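J.: Counting with this note's numbering, you get residues 8 to 499 for the letters of the sequence shown.
Yeah, the Cβ is synthetic: ideal placement off N, Cα and C, and Gly gets one too.
Computed from a prediction, not measured in an experiment: that's the story for all the values here.
First, the structure itself, so that you have it in front of you.
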Amino acid sequence: MSAPTFPTLPTGRLLIDGALVEPLGTAAPFDAIDPATGRVIMQVPACDIADVDRAVGAAHRCFQSTAWQSMRPLDRGRLLERLALLVERERDDLAALESLDSGKLLAVTQAIDLQFTIDGLRYFAGWASKIAGETVSHSPLVEEAALYRAFTQRRPVGVVAGITPWNFPIGQAIQKIAPAIAFGCTIVLKPSEETSLTALRLGELILEAGFPAGAVNIVTGTGAAVGVPLVAHPLVRKIAFTGSNATGQAILTEAARTMKRVTLELGGKSPTIVLADADLDKAIPGAAAAIFANSGQICTAGSRLLVEAPVHDAVIEGVCRIARDLRLGSPFAADTQMGPLISARQRDRVAALVEAGLAEGAHPLEGACAASGPGWFYRPTVLAGVEAGMSVMREEIFGPVVCAVKITDRADIVRIANDTPYGLAASVWTQDIDTAHLLAERIDAGTVWINTHNVLDLAMPFGGSKLSGVGREFGSEALQAFTEPRAICLRL
Ligand code: NAD
8 MSAPTFPTLP
18 TGRLLIDGAL
28 VEPLGTAAPF
38 DAIDPATGRV
48 IMQVPACDIA
58 DVDRAVGAAH
68 RCFQSTAWQS
78 MRPLDRGRLL
88 ERLALLVERE
98 RDDLAALESL
108 DSGKLLAVTQ
118 AIDLQFTIDG
128 LRYFAGWASK
138 IAGETVSHSP
148 LVEEAALYRA
158 FTQRRPVGVV
168 AGITPWNFPI
178 GQAIQKIAPA
188 IAFGCTIVLK
198 PSEETSLTAL
208 RLGELILEAG
218 FPAGAVNIVT
228 GTGAAVGVPL
238 VAHPLVRKIA
248 FTGSNATGQA
258 ILTEAARTMK
268 RVTLELGGKS
278 PTIVLADADL
288 DKAIPGAAAA
298 IFANSGQICT
308 AGSRLLVEAP
318 VHDAVIEGVC
328 RIARDLRLGS
338 PFAADTQMGP
348 LISARQRDRV
358 AALVEAGLAE
368 GAHPLEGACA
378 ASGPGWFYRP
388 TVLAGVEAGM
398 SVMREEIFGP
408 VVCAVKITDR
418 ADIVRIANDT
428 PYGLAASVWT
438 QDIDTAHLLA
448 ERIDAGTVWI
458 NTHNVLDLAM
468 PFGGSKLSGV
478 GREFGSEALQ
488 AFTEPRAICL
498 RL
């Protein structure tokens, strides 16, 4: 391992109402911990209901203000463009901070997370000036219909609560902030308590970019102390949530009381399907990357590997070889291929789920144990002998653990792929374009990749069916998610 890099740390203050402030409450700050070493990086403010109230109040005042309501859409876009420039200026530093706080490989945060963040700001900056309603052929139940004109406008929903997980911290923050601002909303962002640091730095850059006071507010703390009052706050009109299924269900229940709009981007148990005619030189590394990238902590991770019998052994052996050879270590070392899990709790959870699978009859082909080291590492794991009803096959593990299934009858593929409570993503590896299309149409998932996996495109709708969530983000779907139609009827 090379010596760790120490990026610029945030000041540790919250962005509320256009200023960097200390929390109001008296709760002791909590530790931001480097998951690769277990060392404390810095202290993070522990907000409470008073800070939530202050932040939502500021977002609401900004939203109601004439200045915000009359701001030209192009100028909202320019705010995002200015922020993109500042993130670009700080790119290497932010990437290092993200790696330190989350354990993600530096090469990945530099090439993917920060690129996604900058692209996301620019992508949504472009949307700010593309918000359009429609004209409607009016047919009221009255005579003289010809005297009526009807059209719709898309109006911003109001104050948004953005609540994000720890596996893609800065990217997720921008995934909430950028569309909210582009579509004319204001926002209070609560990052995961596991990874608050890049969100706090973003707050400093948002201030420097000259966003109006209250347009974006950032509060830190736990789900119980901050997330719950944020979701319940009467002035919040929409919740844009990414995280676990259990939290998503709690949010949906609470949101129903005040009819808040929600988008819920939740977990998955996505199949990677390798057909007999697949190009194995691509499918084998593709299937391995689908599950082992980011130590398996990706909502769309290919955690069920379904392989047709003729190529089953070759694919599983290939994936096992890759798993065996993966170098675990410091996210800052150039030769590290897999970093730690986010926390001791998450490593123990992964270990417990694997143990449960083994007790139910699964057998390990690779891994199935924690790795030594001061941080929270878990060996890349391949399980065979799995059955449809086992917990390892049904529950999202959110770690580097894949269940291998042999497909002996092609007619079973769709049924097995869809035999999960989740519906987030899938990939199909084949050289037969007809089969690829037919499977893509029948697999119950928000995204189906063909001969690739985990490719995110800001222009494509992203989200899941079944337990994987409600609604979509990205692309034109984001316009629907952050605005509401207003019907206007005019009598000449
Ligand atoms: P989590 O649900 O534990 O926490 C997510 C966020 O919700 C955190 O900020 C947390 O503080 C907050 N929170 C917790 N309880 C809350 C409550 N009752 N009310 C309001 N907020 C609350 O999820 P996690 O463990 O941080 O992240 C991992 C999960 O996120 C996995 O299930 C993964 O699949 C999912 N995820 C989904 C996507 C997607 O786009 N579908 C992307 C990334 C991660």
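Spell out a yes or no on whether the stretch 440-460 and the stretch 334-348 are touching, meaning 3 or more CB-CB pairs, one atom from each, closer than 8 Å.
T.: no
J.: If you count every other CB in all the chains shown that lies within 10 Å of the CB of Thr-260, and 16 or more means buried, which is it?
T.: Under a 10 Å Cβ-count criterion, Thr-260 is classified as exposed, with fewer than 16 other Cβ atoms of the shown protein chains found around its own Cβ.
J.: Checking the sheet assignment: what are the DSSP bridge partners for Pro-163?
T.: Pro-163 is bridged to Thr-490.
J.: For Lys-197 and His-67, what's the separation of their Cα atoms in angstroms?
T.: 16 Å
J.: In the structure shown, what three-state DSSP assignment does His-319 receive?
T.: helix
J.: Roughly how many angstroms separate the alpha carbons of Ser-9 and Ser-337, rounded to a whole number?
T.: Reliability of the predicted coordinates at Ser-9 is poor, the pLDDT of 43 falling under 50, and the value obtained from them is presented with this limitation in mind. One C-alpha to the other measures close to 8 Å.
J.: Kindly provide the ranges of any beta strand (DSSP E) runs that are 3 or more residues long and lie completely inside the stretch 344-420, ordered along the chain.
T.: 370-373, 388-391 and 408-414
J.: Is the CB-CB distance between Gly-19 and Val-51 below 8 Å?
T.: Yes. Within cutoff.
J.: For Glu-484, which residues from the same chain have a beta carbon less than 6 Å from its beta carbon, with the 5 sequence-adjacent residues on both sides left out?
T.: Same-chain partners within the cutoff: Pro-468.
J.: As a quick exercise: from Ala-294, His-370, Thr-202 and Ala-432, pick the residue whose alpha carbon is nearest that of Ala-399.
T.: Going by the sequence as given, residue 399 is Val instead of Ala. Per the Cα distances, His-370.
J.: Would you mind listing the alpha helix (DSSP H) stretches within the stretch 254-321 that are 4+ residues and don't spill past its ends, in chain order?
T.: 287-299
J.: Taking all protein chains shown into account, do 16 or more other C-beta atoms lie within 10 angstroms of the C-beta of Lys-137, making it buried, or fewer, making it exposed?
T.: exposed
J.: To which residues does DSSP link Met-467 through a beta bridge?
T.: None, per the DSSP bridge assignment.
J.: The ligand NAD and Phe-175: does any heavy atom of the ligand fall closer than 7 Å to the residue's C-beta?
T.: A distance criterion of 7 Å places the beta-carbon of Phe-175 in contact range of the ligand NAD, judged by its closest non-hydrogen atom.
J.: Hey, would you say the C-beta of Pro-317 is under 7 Å away from at least one heavy atom of the ligand NAD?
T.: no
J.: By the three-class DSSP mapping on this structure, what secondary structure does Asp-58 have?
T.: helix
J.: Mind checking if Asp-355 is an interface residue toward chain B, Cβ cutoff 8 Å exclusive?
T.: The chain labelled as chain B is not found in the depicted structure, where only one protein chain is given.
J.: What does the Cβ neighbour count give for Phe-131, buried or exposed, with the cut at 16 atoms within 10 Å?
T.: buried
J.: With DSSP run on the structure shown, which of helix, strand or coil describes Ala-424?
T.: Three-state DSSP puts Ala-424 in a helix.
J.: Suppose you measure from the CA of Val-223 to the CA of Ala-216; what does that come to, to the nearest Å?
T.: 11 Å
J.: Name the DSSP bridge partner or partners of Leu-497?
T.: DSSP, once it has assigned bridges, lists Arg-156 as partnering Leu-497.
J.: With DSSP as the reference, please indicate the residues paired to Ala-39 in a beta bridge.
T.: Met-49
J.: According to DSSP, what are the bridge partners of Asn-224?
T.: Val-195
J.: Can we count Ser-251 as close to the ligand NAD, meaning its CB is less than 7 Å from some heavy atom?
T.: yes
J.: Do Pro-17 and Leu-207 have their CB atoms nearer than 8 Å?
T.: yes
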